[in-house]
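*Asks:*
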Amino acid sequence: MELIAHRGCAEQYPENTVYAVEQASARFSTIEIDVRRCRSGEIVVFHDKILERVTDGSGSIARMEWNQLRELEILNSGERIPLLSEALTAIPSGVHVQIELKQTGIAADVLRQIENIGVNARVTSFLPSALTEVREHDPGMARGYLFGEKVGITAGIQTALALDCDSLHPHSRQCIQTEIVDFAHENEFDVIAWGASDEMTVRELHMAGVDAATADRYMPITQEETNPLVAD
Numbered sequence: 001m002e003l004i005a006h007r008g009c010a011e012q013y014p015e016n017t018v019y020a021v022e023q024a025s026a027r028f029s030t031i032e033i034d035v036r037r038c039r040s041g042e043i044v045v046f047h048d049k050i051l052e053r054v055t056d057g058s059g060s061i062a063r064m065e066w067n068q069l070r071e072l073e074i075l076n077s078g079e080r081i082p083l084l085s086e087a088l089t090a091i092p093s094g095v096h097v098q099i100e101l102k103q104t105g106i107a108a109d110v111l112r113q114i115e116n117i118g119v120n121a122r123v124t125s126f127l128p129s130a131l132t133e134v135r136e137h138d139p140g141m142a143r144g145y146l147f148g149e150k151v152g153i154t155a156g157i158q159t160a161l162a163l164d165c166d167s168l169h170p171h172s173r174q175c176i177q178t179e180i181v182d183f184a185h186e187n188e189f190d191v192i193a194w195g196a197s198d199e200m201t202v203r204e205l206h207m208a209g210v211d212a213a214t215a216d217r218y219m220p221i222t223q224e225e226t227n228p229l230v231a232d
């Protein structure tokens, strides 16, 4: 099972920053980031709709110009909100990127930057309409449908099938407590869980047969990794 660096390992590094991408790339084979469009049109790497949780600014990303956003600091780290192009440029050769679209209307610009910079990417979203835009602009781009526990197993799989997705991204609890992993594999989806917050959950996901899981820090997948002196 692969671990994916969620927001560039948000517990270890200032989330969704170039520094987080660079540091997490030393240990993870895939880095996950979130993208939005700001008022002046640029695609920026940022999770929330508003600035307050992780910056020294306030207000909505959608109402801020890039020249304002670039001056803000992430979590008192000295790091700044990056453009998508800056984050993608920081991805080393051989490391993949998973890009979550946080809104509609940005797929074409995101896909253009993926192609221009030449990274190996997967595009995901909770928004079926955003994934539809990805398919319309680049049918060959790997796509993944994200959903939570309010969306049932059948609905999640049916939506992913309708969108021609390659991967299914349910919440970790759905993977552990239901048969969604088996159903997804029967429909030829890779299963990439989200919400893996502790080592026990990571191990349970591994036992459930998921293909990958996003995590905010590096965690051992098996007991043997926790204690390498344990005999085979």
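In the numbering used here, the protein residues as written are 1 to 232.
No residue lacks a Cβ here, since even glycine has one placed at the ideal position from N, Cα and C.
(1) Could you give the C-beta distance for alanine 241 and threonine 159, rounded to a whole number, given that I count them as a contact under 8 Å?
(2) Do isoleucine 31 and valine 18 count as a contact pair if the criterion is CB distance below 8 Å?
(3) Checking the sheet assignment: what are the DSSP bridge partners for glutamine 98?
(4) By DSSP's criteria, threonine 55 is part of a beta bridge. Which residues make up the other side?
(5) Check the C-beta distance from valine 191 over to cysteine 175 and give it rounded, since I have them as a contact under 8 Å.
(6) If we count the other Cβ atoms within 10 Å of its Cβ and call it buried at 16 or more, is arginine 27 buried or exposed?
(7) Mind checking asparagine 16: buried by the 16 CB within 10 Å criterion, or exposed?
(8) Given 8 Å as the limit, is there contact between the region 85–100 and the region 55–71, that is, 3 or more CB pairs closer than that?
(9) Whose C-beta lies closer than 7 Å to the C-beta of aspartate 232 among residues of the same chain, with five residues either side of it excluded?
(10) What are the boundary residues of the beta strand (DSSP E) that glycine 144 is part of?
(11) Which whole-angstrom value is the C-beta distance of glycine 144 and histidine 171, which I expect to be below 8 Å?
(12) Which term fits arginine 53, buried or exposed, when burial requires 16 or more other beta carbons within 10 angstroms of its beta carbon?
(13) Under a Cβ-count criterion, where at least 16 other Cβ atoms within 10 Å of its own Cβ denotes burial, should threonine 207 be classed as buried or exposed?
*Replies:* In short, the structure shows the following:
(1) In the structure as shown, the chain starts at 1 and stops at 232, and residue 241 therefore has no counterpart that could be examined.
(2) no
(3) Glu32, Arg122
(4) Ile74
(5) 7 Å
(6) exposed
(7) buried
(8) no
(9) Low confidence applies to aspartate 232: its pLDDT is 41, below 50, so where it sits in the model is not reliable enough to give any reading.
(10) 142–146
(11) That belief does not hold up - the Cβ atoms of glycine 144 and histidine 171 are roughly 14 Å apart, past 8 Å.
(12) exposed
(13) Strictly speaking, residue 207 in this sequence is methionine, with threonine absent from that position. When all chains shown are included, methionine 207 counts as exposed.
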